[in-house]
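What follows is a set of notes on a single structure, which appears directly below.
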Amino acid sequence: MDDQKRRDAGMNVRRKVLGNAWVDKSVANRNAFNTDFQDLITRYAWGEIWTRPHFDERTRRVLVIGTMVALGQWDEFRLHVRAALAEGGFTPDDIKEILLQQAIYCGVPAANHAVKEASAIVQELGLLKT
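Whatever position you read off the sequence shown (first residue = 1), add 11 for our numbering.
Structure follows, in structure tokens:
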């Protein structure tokens, strides 16, 4: 696949996973400093990795959310939790199960923070059960 095909495929997947509003905002915020980075992640993270046939989109979402907990990358964690709930067909219970699993493998402090962050998103999206 050449770079343009990879870029196009990546942009399609990126829009599907994160939603048009998020991607449109990201594209609108491009500038001379970050354009090359945006192109890199579109071609490689989205166009090369997310388009691979072995894992489905749901599995890739679970992997990313769990990895962001493990790394403590809370901006990316919030982005992917929100996208999973709003665009990916995930339920709050799906996110809860990921976080329970991560509590064992990443530690309770990381999972505790993840629960706090995810709870705010669930509430913001009006998905919190009473």
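All C-beta atoms, glycine included, are put in the ideal place defined by N, C-alpha and C.
Short CB-CB distance (under 8 Å) between residue i and chain D
i: Arg93; result: Considering every chain present, this structure includes no chain D. It has just one protein chain.
Separation of residue j from residue i, as counted between CA atoms
i: Gln84; j: Ile76; result: 10 Å
i: Asp19; j: Ser37; result: 16 Å
i: Asp86; j: Lys140; result: 24 Å
i: Asp35; j: Arg41; result: 10 Å
i: Ile115; j: Ala43; result: 42 Å
i: Gly137; j: Val92; result: 14 Å
i: Asp47; j: Arg17; result: 15 Å
i: Trp33; j: Glu108; result: 25 Å
i: Glu59; j: Phe101; result: 24 Å
i: Gly118; j: Arg63; result: 30 Å
Sub-8 Å separation of residue i and residue j beta-carbons
i: Trp61; j: Arg71; result: yes
i: Ala150; j: Ala81; result: The chain is shown from 12 up to 141; residue 150 falls before or after that span and cannot be answered.
i: Phe88; j: Glu128; result: yes
i: Leu110; j: Val126; result: yes
i: Gly30; j: Ala95; result: no
Proximity to residue i [Cα-Cα], best of the options
i: Arg26; options: Ala97, Ala43, Arg89; result: Ala97
i: Leu90; options: Asp14, Val24, Val28, Met22; result: Val28
i: Gly99; options: Arg69, Met22, Ala32, Trp33; result: Arg69
i: Gln49; options: Ala94, Gly30, Gly21; result: Gly21
i: Leu51; options: Ile106, Phe101, Gln15; result: Gln15
i: Arg54; options: Gly30, Asn23, Ser130; result: Asn23
i: Asp105; options: Asn123, Val73, Cys117; result: Val73
i: Gln113; options: Thr46, Thr78, Asn45, Phe66; result: Thr78
i: Asn130; options: Pro103, Phe66, Cys117; result: Reading off the sequence shown, one finds Ser at residue 130, where the question assumed Asn. The shortest Cα separation from Ser130 among Pro103, Phe66, Cys117 belongs to Pro103.
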